[in-house]
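So that you can map any letter, position 125 of the sequence shown is 126 in my numbering, and since no number is skipped, the others follow by simple counting.
From the three backbone atoms N, C-alpha and C, an ideal C-beta is built for every residue, glycine too.
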Amino acid sequence: MAGYFNELFSGTKSLAIGLRITIKECFKPVVTLQYPHESLVMTPRYRGHIELVGDAETGETKCIVCGMCQRACPSGCITVKGEKREGVKGKVLTVYQLDFTKCSLCGQCVESCKPGAIDFSHEYNLASTRKEDFIFDLVKRLKDKS
Ligand code: SF4
Ligand code: SF4
Numbered sequence: 002m003a004g005y006f007n008e009l010f011s012g013t014k015s016l017a018i019g020l021r022i023t024i025k026e027c028f029k030p031v032v033t034l035q036y037p038h039e040s041l042v043m044t045p046r047y048r049g050h051i052e053l054v055g056d057a058e059t060g061e062t063k064c065i066v067c068g069m070c071q072r073a074c075p076s077g078c079i080t081v082k083g084e085k086r087e088g089v090k091g092k093v094l095t096v097y098q099l100d101f102t103k104c105s106l107c108g109q110c111v112e113s114c115k116p117g118a119i120d121f122s123h124e125y126n127l128a129s130t131r132k133e134d135f136i137f138d139l140v141k142r143l144k145d146k147s
């Protein structure tokens with residue numbers, strides 16, 4: 002009989018401990034997301050693929066087509082092209098292509114860009130089985146953003 006009551010007591014005690022933990026956890030802040038219906042806000046230092054940064058006022062690219070980022074990239078991911086236009090000082094950016102399949106996110110390109118025309122995006126939601134989906138036209142992406 003004593004064994005029965007001992008078992009009953011220890012069972013009730015462990016149930017109470019379990020319930021206490023469950024109730025405590027219920028009132029803690031939620032740290033998970035309902036992905037893909039909700040998106041994460043990435044930390045400021047998160048490194049997604051690089052992107053062109055638009056001028057704060059005009060939204061136009063700050064790129065001066067110096068080619069420093071292309072030369073600095075150890076993986077050969079970047080292709081930059083520009084052209085001279087009538088009445089415009091310097092070159093106008095026409096092509097900025099990033100082959101993200103080869104990018105190691107080393108940051109050499111961002112560091113080498115003196116005008117601050119490129120930076121890391123906060124994009125983390127990339128998924129595809131096609132390589133072509135990771136060749137980015139950054140000029141188009143900038144235009145689509147503005
Ligand atoms: S982060 Fe590094 S590897 Fe990626 S494009 Fe820039 S320089 Fe190239
Ligand atoms: S280093 Fe900067 S300004 Fe020069 S081509 Fe690259 S993005 Fe443009």
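Taking the continuous beta strand (DSSP E) assigned at residue 19, which residues delimit it?
Careful: residue 19 lies outside any beta strand (DSSP E), inside the alpha helix (DSSP H) at 3-27.
In terms of residues, what are the limits of the alpha helix (DSSP H) holding residue 61?
Counting along the chain, residue 61 falls outside any alpha helix (DSSP H), and DSSP gives it neither H nor E.
Residues that DSSP places opposite residue 121 in a beta bridge
51
From residue 12 to residue 46, what does the alpha carbon distance come to, in whole angstroms?
49 Å
Neighbourhood of residue 71 by C-beta, 6 Å cutoff - its chain only, sequence neighbours within 5 removed
79, 81
What runs of the beta strand (DSSP E), each 3 residues or longer, lie entirely inside the segment 62-136?
79-85, 92-100, 119-121
Taking the beta carbon of residue 27 as the centre, do at least 16 other beta carbons fall within 10 Å, making it buried, or is it exposed?
exposed
CB contact flag (residue 127, residue 53, <7 Å)
no
What does the alpha-carbon distance come out to for the pair residue 41 and residue 34?
8 Å
Taking 6 Å as the line, does the beta carbon of residue 98 fall inside it for any heavy atom of ligand 1?
no
In this structure, does DSSP put residue 56 in helix, strand or coil?
coil
Out of curiosity, what's the CA-to-CA distance linking residue 100 and residue 22?
49 Å
Going by DSSP, what residues sit across from residue 138 in a beta bridge?
98
Between the Cα of residue 75 and those of 43, 10, 55, 111, spot the shortest distance and give me the residue it belongs to.
111
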